[in-house]
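Numbering of the sequence shown is given in this note's numbering, commencing with residue 108 and proceeding in unit increments.
Below you'll find the structure, written out as structure tokens, and then a few comments.
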Amino acid sequence: MDPLRIAVLASGRGSNFQAIHEEIEKGRIKATIVLLATDTKDAPAVTRAQGYGIETLYLNPKEFPSREAFDGAMASALKKRNVGLVVLAGYMRIVTPAMIRHFKNRIMNIHPALLPSFPGLHGQAQGVDHGVKIAGCTVHFVDEGMDTGPIICQAAVPAYDDDTEDTLSARILRCEHKLYPQAVRLFAQGRLEVDGRKVRIKNQKKKEEETLFSFV
Ligand code: GRF
């Protein structure tokens, strides 16, 4: 079987992109990242991709009349490259049906909160403001809603009274870098089965190792 062909879509830093790339390089995920696509010209993620020798693509949102037109162009670029999984990693755009219909249950996102709590922007700050004691991150398939798609896996970290958005974000980010590659690995192994809003992980040996993670 040919390795899974992945496109990563990012708008900024790209540390999750790096974490997934490193696991692939170590041979722990049977996949290849064929494209790093971005909607921001100077995203640090682009520099990382160039360093890894991964093709990059920048689409300028201003050159498209609508979100759907932008997503149509993105979907065409991905299909041209036979992409089997789209990984959103700090991609600051809402993905429209013009993308989703081409990649049903094949677009993943990571969100820095335990969904369905605190969807949308600044999930970590929302957690701090709410006074949660447990925070974390969620990898989910992308549907038409905002952070509403079927949940693949989650990881929890403690939240402390003296946490700020920055300190909690840093703790969650360390988790993200383990959780996201794990979700991609499960997908590449063909072990994710979507049933309505639930994702089943096939052939789980130690369930707690693949569903709930606490790395701190
Ligand atoms: C992460 O916190 C992720 O949860 C959110 O955006 C951030 C991206 O960070 N969706 P990076 O670009 O992967 O470093």
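Using N, Cα and C, we set each Cβ at its ideal position, and we do this for glycine too.
Just so you know, these numbers come straight off a predicted model, no measurement behind them.
Assigned secondary structure, threonine 274 (DSSP; H/G/I helix, E/B strand, else coil): In the structure shown, the three-state DSSP call for threonine 274 is helix.
Whole-Å CB distance - aspartate 254 paired with glycine 227, under 8 Å assumed: Correct: roughly 7 Å between the Cβ atoms.
Coarse secondary structure for alanine 232, derived from DSSP in three states: Residue state, collapsed to three classes: helix.
Start and end residues, beta strand (DSSP E) containing alanine 138: Alanine 138 -> beta strand (DSSP E) spans 138-145.
Three-state secondary structure (DSSP) of glycine 158: Helix at glycine 158.
Where threonine 271 falls, given that 16 or more other Cβ within 10 Å makes a residue buried: Burial call: exposed.
CB contact flag (valine 202, isoleucine 217, <8 Å): Contact flag unset, no.
Any non-hydrogen atom of the ligand GRF closer than 7 Å to serine 224 Cβ: Of the heavy atoms belonging to the ligand GRF, none sits nearer than 7 Å to the Cβ of serine 224.
Histidine 218 CB to nearest heavy atom of the ligand HEM below 7 Å: This structure lacks the ligand HEM; the ligands present are the ligand GRF.
Residue-level contact to chain D via CB, isoleucine 127, 8 Å cutoff: Structure shown: chain D not included; a single protein chain is present.
Which of helix, strand or coil DSSP assigns to phenylalanine 322: Low per-residue confidence applies at phenylalanine 322: pLDDT is 48, beneath 50, and the placement is therefore not dependable enough to give any value.
CB-CB length for serine 324 against alanine 150, believed under 8 Å: Residue 324 falls outside the range modelled here, since the chain spans only 108 to 323, and no answer is possible.
Residue burial classification, glutamine 231 (beta-carbon count within 10 angstroms, cutoff 16): Flag for glutamine 231 reads buried.
Which listed residue (Arg155, Arg135, Arg120 and Ala196) has its alpha carbon closest to that of leucine 111: Per the Cα distances, Arg135.
Backbone CA spacing between histidine 284 and arginine 155 [nearest angstrom]: Spanning the two alpha carbons is a distance of roughly 16 Å.
Between the CA atoms of histidine 209 and leucine 116 - distance to the nearest angstrom: Their Cα atoms are separated by approximately 15 Å.
Bounding residues of the alpha helix (DSSP H) (the contiguous stretch that carries alanine 150): Premise fails: alanine 150 is in no alpha helix (DSSP H) and is neither H nor E.
Alpha-carbon spacing of histidine 229 relative to valine 194, whole angstroms: If I take the Cα positions, the gap works out to 20 Å.
Any non-hydrogen atom of the ligand GRF closer than 7 Å to phenylalanine 248 Cβ: No - the ligand GRF has no heavy atom lying nearer than 7 Å to the Cβ of phenylalanine 248.
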